[in-house]
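J.: Protein chains in written order, with my numbering: chain A, 118 to 238; chain B, 12 to 167.
Ideal placement from N, C-alpha and C gives every residue a C-beta, glycine not left out.
As the structure is a prediction and not an experimental result, all values here were calculated from the model.
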Amino acid sequence: MRILVVDDSSTMRRIIINTLNKLGYKEFHEASNGREGVERLATTPVDMIITDWNMPEMSGVEFIRAVRANEATRHLPVLMVTTNAAEDDIVEALRAGVNNYVVKPFTPDTIKEKIAAALKA
Amino acid sequence: MTIPPRMIGNLVRATEEVFETMVFKSVSAQEPIADESFRPVSNVVASVAFAGYRCGLVAFHSSTGAARDIAGAMLGIPPASVNGEMPDAIGEIANMIAGTLRTKMAEVEPAWAIAVPTVTIGSDFSTKYPTDVTRLLLPFSMEGQSIFVELILTGR
Numbered sequence: 118m119r120i121l122v123v124d125d126s127s128t129m130r131r132i133i134i135n136t137l138n139k140l141g142y143k144e145f146h147e148a149s150n151g152r153e154g155v156e157r158l159a160t161t162p163v164d165m166i167i168t169d170w171n172m173p174e175m176s177g178v179e180f181i182r183a184v185r186a187n188e189a190t191r192h193l194p195v196l197m198v199t200t201n202a203a204e205d206d207i208v209e210a211l212r213a214g215v216n217n218y219v220v221k222p223f224t225p226d227t228i229k230e231k232i233a234a235a236l237k238a
Numbered sequence: 012m013t014i015p016p017r018m019i020g021n022l023v024r025a026t027e028e029v030f031e032t033m034v035f036k037s038v039s040a041q042e043p044i045a046d047e048s049f050r051p052v053s054n055v056v057a058s059v060a061f062a063g064y065r066c067g068l069v070a071f072h073s074s075t076g077a078a079r080d081i082a083g084a085m086l087g088i089p090p091a092s093v094n095g096e097m098p099d100a101i102g103e104i105a106n107m108i109a110g111t112l113r114t115k116m117a118e119v120e121p122a123w124a125i126a127v128p129t130v131t132i133g134s135d136f137s138t139k140y141p142t143d144v145t146r147l148l149l150p151f152s153m154e155g156q157s158i159f160v161e162l163i164l165t166g167r
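Here is the structure:
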């Protein structure tokens with residue numbers, strides 16, 4: 118499975134990729150904000166997106182709206198990994214098209230469960 | 012203006028949760044430092060501003076050595092191998108503490124907006140705030156090293 122990890126923190130991208138590696142996922146692509154994520158998707162096919170919310174240039178929610186508005190990417194499962202976990206945040210993310218939601222700080226088990234749920238959605 | 016006790020408790024719990032879950036180190040909270048003039052000795056400061064129902068910032072202070080230990084633990088590499096990764100890792104610590112505090116406070120009041128982190132590293136700098144802010148400095152002990160989480164509130 119090819120996974121695009123979008124986060125402005127290189128540390129968080131590495132933590133997510135390390136976690137996914139341990140879960141058996143092997144192919145990753147990275148972007149440091151939503152705009153870069155859109156550009157990456159235009160050239161690199163992926164099977165799933167994991168994105169942060171608070172990022173410069175283009176936020177995670179704006180990125181997801183762009184993904185859902187594009188015929189070529191609208192079907193992709195999207196998992197949001199963020200500290201934004203107020204009820205209104207989750208509603209906004211779901212309206213934008215998120216399939217599932219991981220709140221930072223997170224455990225590897227949480228990521229595993231949420232990926233499985235996002236892939237089923 | 013005073014800082015609500017609930018907010019202080021939530022800041023302590025947010026810091027403990029971030030360290031236990033993402034740094035794999037336990038931290039123990041010490042008594043808050045009330046002396047407004049006290050400035051922690053730190054070479055690394057990461058701050059995240061917030062605005063909305065409450066305005067202010069959360070800042071994380073540590074020595075360079077503690078910051079390397081934290082970054083190494085987060086990334087699963089020896090502290091001696093940590094180099095350029097440290098500022099980003101410490102910024103993410105501040106981001107998660109501020110974000111977790113925001114989420115906990117959103118259970119009882121409107122959620123604030125939070126900014127992306129800013130990280131300052133150096134050996135000869137200090138931070139000054141306007142006189143009308145309310146400040147709380149929370150020391151924590153992490154494996155014998157001191158780290159600090161600071162909360163600044165303005166306005167309301």
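1) Using a cut-off of 8 Å between C-beta atoms, extract the partners of Ile158/B located in chain A.
2) Could you pull the start and end residues of the alpha helix (DSSP H) that Pro150/B belongs to?
3) Count the C-beta pairs between the stretch 158 to 166 of chain B and the stretch 84 to 96 of chain B that are closer than 8 Å, then say yes if the count reaches three, no if not.
4) What distance in whole Å lies between the Cβ atoms of Val38/B and Thr26/B, which are believed to be in contact at a cut-off of 8 Å?
5) Does any residue of chain B bring its CB to less than 8 Å from the CB of Phe223/A?
6) Using a Cβ-Cβ cut-off of less than 9 Å, give me the residues of the stretch 203 to 217 of chain A that come near chain B, in sequence order.
7) Return the Cβ separation of Arg50/B and Ser137/B in integer angstroms, given the expectation that the two are a contact with Cβ distance under 8 Å.
8) To the nearest angstrom, how far is it from the Cα of Ser152/B to the Cα of Ala40/B?
9) What separation, rounded to the nearest whole angstrom, lies between the Cα atoms of Thr142/B and Ala45/B?
10) Return yes when the Cβ of Arg152/A is within less than 8 Å of the Cβ of Met129/A, no when it is not.
11) Could you tell me which residues DSSP puts in a beta bridge with Ile44/B?
12) Counting only Cβ pairs nearer than 8 Å, list the residues of chain A close to Glu28/B.
13) I need the straight-line Cα distance from Lys115/B to Asn21/B, nearest angstrom please.
14) Compute the distance between the beta-carbons of Val29/B and Leu149/B, then report whether it is under 8 Å.
15) Which residues of chain B have a Cβ atom closer than 8 Å to the Cβ of Ile132/A, listed in chain order?
16) Spatial neighbours of Met107/B within its chain, please: C-beta separation below 7 Å, excluding the five flanking residues on both sides.
17) I want to see whether chain B comes within less than 8 Å of Pro173/A, judged by CB atoms only; does it?
18) Who are the near neighbours of Leu68/B in its chain, counting only those whose CB is closer than 7 Å to its CB and skipping five residues on each side?
19) Buried or exposed, going by whether 16 or more other CB atoms sit within 10 Å of the CB of Arg113/B?
20) Closer than 8 Å between beta carbons: that is the criterion. Which residues of the stretch 120 to 149 of chain A meet it against chain B?
21) Please report how far the alpha carbon of Leu196/A lies from the alpha carbon of Glu103/B, in whole angstroms.
22) Against Glu120/B, what residues of chain A qualify as contacts under a CB-to-CB distance less than 7 Å, listed in chain order?
23) What residues of chain B sit near Thr168/A, judged by a beta carbon separation below 9 Å?
24) Is Gly177/A buried or exposed, if buried means 16 or more other CB atoms sit within 10 Å of its CB?
25) So if DSSP puts Glu161/B in a beta bridge, which residue, or which two residues, is it bridged to?
26) What's the gap between the Cα of Ser127/A and the Cα of Thr136/A?
27) Just tell me which of Ala159/A, Gly154/A, Leu158/A and Val122/A has its CA closest to the CA of Lys143/A.
28) Kindly indicate the opening and closing residues of the alpha helix (DSSP H) around Ala78/B.
29) Do we get a CB-CB distance below 8 Å when we pair Thr190/A with the residues of chain B?
T.: Here's the rundown:
1) Close to Ile158/B, with beta-carbon spacing below 8 Å, lies no residue of chain A; the smallest spacing is near 16 Å.
2) In this chain, Pro150/B is not harboured by any alpha helix (DSSP H); it is covered by the beta strand (DSSP E) spanning Thr145 to Met153.
3) The stretch 158 to 166 of chain B and the stretch 84 to 96 of chain B do not touch, with fewer than 3 CB-CB distances between them shorter than 8 Å.
4) Contact flag correct, Cβ pair sits at about 6 Å.
5) Closer than 8 Å: yes.
6) Under the 9 Å Cβ criterion, the stretch 203 to 217 of chain A contributes Ala203, Glu204, Asp205 and Asp206.
7) 6 Å between Cβ atoms; contact.
8) Each residue's CA atom was taken as its position, placing Ser152/B and Ala40/B some 7 Å apart.
9) Computed Cα separation, rounded: 15 Å.
10) Arg152/A is positioned such that its CB atom lies no closer than 8 Å to that of Met129/A.
11) BP columns for Ile44/B point to Leu148/B.
12) Within chain A, Pro222 have C-beta atoms less than 8 Å from the C-beta of Glu28/B, given in sequence order.
13) About 7 Å.
14) Taking 8 Å as the Cβ cut-off, Val29/B and Leu149/B do not qualify as a contacting pair.
15) At a beta-carbon threshold of 8 Å, the residues of chain B lying near Ile132/A are Met33, Met85 and Leu86, ordered along the chain.
16) When the five nearest sequence neighbours on each side are left out, the beta carbons in the same chain lying within less than 7 Å of the beta carbon of Met107/B are those of Val29 and Met33, in order along the chain.
17) For Pro173/A, the nearest CB of chain B lies under 8 Å from its own CB, placing it at the interface with that chain.
18) Only Ser58, Val59, Ala60, Phe61 and Ile163 meet the Cβ criterion.
19) Per the 10 Å Cβ criterion, buried.
20) Cβ contacts with chain B come from Asp125, Ser126, Ser127, Thr128, Met129, Arg131, Ile132 and Asn135.
21) When rounded, the distance between both Cα atoms is 19 Å.
22) For Glu120/B, no chain A residue has a C-beta closer than 7 Å to its own C-beta; the minimum C-beta separation is roughly 10 Å.
23) For Thr168/A, no chain B residue has a Cβ inside 9 Å of its Cβ, as the nearest lies near 15 Å away.
24) With a threshold of 16 other beta carbon atoms within 10 Å, Gly177/A meets it and is buried.
25) Answer is Ala70/B and Leu148/B, bridged to Glu161/B.
26) Take the alpha-carbon of Ser127/A and the one of Thr136/A: they are about 14 Å apart.
27) That would be Val122/A, whose Cα lies nearest to the Cα of Lys143/A.
28) Counting along the chain, Ala78/B sits inside the alpha helix (DSSP H) bounded by residues Thr75 to Leu86.
29) So no, Thr190/A is outside the interface.
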